[in-house]
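Going by the numbering used here, 181 is the number at position 181 of the sequence shown; the sequence numbering is gapless.
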Amino acid sequence: MDIEQFRRAGHEAIDRICEYYYTLQDRPVTARVEPGYLRRALPSEAPQTGENFDLITQDYEKYIMPGLTLWHHPSFFAYFPTGSTFEAVLGDLYSGSVPNPGFNWSASPASTELETVVMDWAAKMLGLDSSFRNCANVGGGVIQTTASEAALVAVVAARSRYTKQHPDVSSEKLLIYITTQTHSLGKKAGLVLGLNVRALEVTVEDNFALRGDTLRRALEDDCAAGLHPFILIGTVGTTSSGAVDCLGEIGLVLEDYPFIWLHVDAAWAGIAMVCPEYRDVCALGDINKYGDSFCTNFHKWGLVNFDCSGFWVRDRASLIDALDVTPEFLRTKHGDAGTVIDYRNWHFGLGRKFRSLKLWFVLRSFGVEGFQRYIRETVKLGNMFASLIRESTEFALVTPPSLALTVFRLEPRASPPVPLAKLNELNRVFYARVSARSDIAFTQTDLSGTFCVRMAVGATRTSEDHVKHAYEILCLEGKAALEEWQCATGEVQ
1 MDIEQFRRAG HEAIDRICEY YYTLQDRPVT ARVEPGYLRR ALPSEAPQTG ENFDLITQDY
61 EKYIMPGLTL WHHPSFFAYF PTGSTFEAVL GDLYSGSVPN PGFNWSASPA STELETVVMD
121 WAAKMLGLDS SFRNCANVGG GVIQTTASEA ALVAVVAARS RYTKQHPDVS SEKLLIYITT
181 QTHSLGKKAG LVLGLNVRAL EVTVEDNFAL RGDTLRRALE DDCAAGLHPF ILIGTVGTTS
241 SGAVDCLGEI GLVLEDYPFI WLHVDAAWAG IAMVCPEYRD VCALGDINKY GDSFCTNFHK
301 WGLVNFDCSG FWVRDRASLI DALDVTPEFL RTKHGDAGTV IDYRNWHFGL GRKFRSLKLW
361 FVLRSFGVEG FQRYIRETVK LGNMFASLIR ESTEFALVTP PSLALTVFRL EPRASPPVPL
421 AKLNELNRVF YARVSARSDI AFTQTDLSGT FCVRMAVGAT RTSEDHVKHA YEILCLEGKA
481 ALEEWQCATG EVQ
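Shown next, in the form of structure tokens:
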């Protein structure tokens, strides 16, 4: 493909993408294909000679599009908010046109320097303490691929710091603290690093938030048993329920254990801190006072397409000391002098994408006020849905709504009340019906033995009409599920 061929193909691609967005609302939300469909449709090996690009794009429409779940569809309410924008798509296009690996400053100065700037912009926008900014030359921010990678990096840095302070402690005695509601990233970090993980119990009475007393008891027990907790992964906005750990209580406890690193995972909810009214909800003051590292994903609620995960540390030296590997061929004058940031020492990979470009495009295009409008609108829609659930005689909230997340279940009024085990059976039938539909998407979860359904608002094109329509579908499927369950179990309401 030469430059002019690329120009024509590029124009056609933009036209196809625009047509796709014009018809987005009329498309199925979820993919309606069976496992293995693509292998059966495509040849068993790559072509011997190159094919016409028009044929390739036709096959994209024919084979790939039907297998995509449309996370940015206005009726997609599953998993977490996904607010991708055209500005981010164009940022990806521009960054892809200059495929620089960006492993150090010299590899492409603009990619490093832009990242240092936009991560400081974002830190200020979210209200993070000045110690988390790159310009302070003490801490700083870096773009990771995902919150899982950010947590893994935090664990590695925390382990390195702890073992330097406690050189006689064996790795078998080290312990990662998470909670029973922490994302799977906590357990996965333990698996990857071969470290023990303890999940501290959180309860429905505390809205599934970790309390200081629970942490203190665990520390006393584990330290008495000869174990060495070295990091706690706290959460602002758990995946299942949107819980926010009691970071103020946790921080007070950790003052007695200053060698323990506090990493705050705010993967989906942290972007809400762009709005001053949600900063207390997200425990910003406690993050700034006690947190050693903080993460939130712009590719969730931050108007940027995947992947773009913001990660900030209060002390960059702990991070770099843990990850700095500099063979002779990577040495540079500026790196040796310490006058630049070499981001390869802030994460696991050597090469890295120019992700800061799309974040820069979005931050400049929307501005702080644009981010605030978007967050406030999606929270408003989430509250609207929660109100419909509260007013219903067939549904009930399982936890208090958390920003744009609502956790609920089908709960028909009955006397005596339906036992939990039977309600779980009923809701599994209900969710099976809802998840079989292609025009809407929700996800399920289990909270201390209670099976329930999650509704997360976040697509930029979602409106009140989409939320109302979603509720109407839930009412329809709820009635059908109740009838199906009654027929299957012989229950009579």
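Ideal Cβ positions, reconstructed from N, Cα and C, are used throughout, including at glycine.
Since the structure is predicted, the reported quantities are computational estimates derived from the model, not experimental observations.
Note that the segment 170-181 touches the segment 196-206; at least 3 beta-carbon pairs, one per stretch, sit closer than 8 Å. By the neighbour-count definition (other C-beta atoms within 10 Å, threshold 16), residue 52 is an exposed residue.
The beta-bridge partner set that DSSP reports for residue 231 consists of 176, 261. At the C-beta level, residue 456 and residue 77 come within 7 Å of one another.
With a contact defined as Cβ atoms closer than 8 Å, residue 366 and residue 303 qualify at about 6 Å.
Remark: C-beta atoms of residue 162 and residue 230 approach each other more closely than 7 Å. Residue 159 and residue 211 have their C-alpha atoms some 24 Å from each other.
Taken in chain order, the complete alpha helix (DSSP H) segments of 4 or more residues contained in the segment 1-35 are 3-22. DSSP places residue 452 inside the beta strand (DSSP E), whose first and last residues are 450-456. Under the 10 Å beta carbon count, residue 119 is surrounded by 16 or more other beta carbons and is classified as buried. Spatial neighbours of residue 390 in its own chain (CB-CB distance under 6 Å, excluding positions within 5 residues in sequence) are not present. Closest in C-alpha terms to residue 61, from the list 17, 167, 22, 83, comes 17.
Sequence-distant partners of residue 433 (beyond 5 residues in either direction) whose C-beta falls short of 8 Å from its own C-beta, in its chain, are 477, 480, 481, 484.
Contact annotation: residue 103 and residue 350 have beta-carbon atoms nearer than 7 Å.
Exposure of residue 184 is indicated by the presence of fewer than 16 other C-beta atoms within 10 angstroms of its C-beta. In the structure shown, residue 225 adopts coil according to DSSP, grouped into three states. Taking C-beta separations shorter than 8 Å and ignoring five residues to either side along the sequence, the partners of residue 334 in its chain run 105, 106, 340, following chain order. Annotation for residue 198: the continuous beta strand (DSSP E) segment containing it runs 196-200. In this structure, the alpha-carbon of residue 226 lies about 43 Å from that of residue 353.
DSSP lists 142, 295 as the beta-bridge partner residues of residue 311. In the three-state scheme derived from DSSP, where H, G and I count as helix and E and B as strand, residue 46 is classed as coil. Put simply, of 24, 425, 94, 48 the residue whose alpha carbon is nearest the alpha carbon of residue 68 is 24. In this structure, the straight-line span from the alpha carbon of residue 321 to that of residue 157 is close to 8 Å. Exposed is the label assigned to residue 56, since fewer than 16 other Cβ atoms lie within 10 Å of its Cβ.
Between the alpha carbons of residue 268 and residue 305 lies a distance of about 13 Å. Note: residue 445 is bridge-paired with 452 in the DSSP secondary-structure output. Under the Cβ criterion (8 Å, minimum of three pairs), the segment 393-413 does not count as touching the segment 309-324. Rounded to the nearest whole angstrom, the C-alpha separation of residue 123 and residue 140 is 9 Å. Inter-residue distance for residue 330 and residue 143 is about 21 Å (C-alpha atoms, whole angstroms). Our two residues, residue 63 and residue 31, have alpha carbons roughly 11 Å apart in a direct line. Cβ-Cβ separation between residue 347 and residue 155: approximately 13 Å, too far for a contact (criterion under 8 Å).
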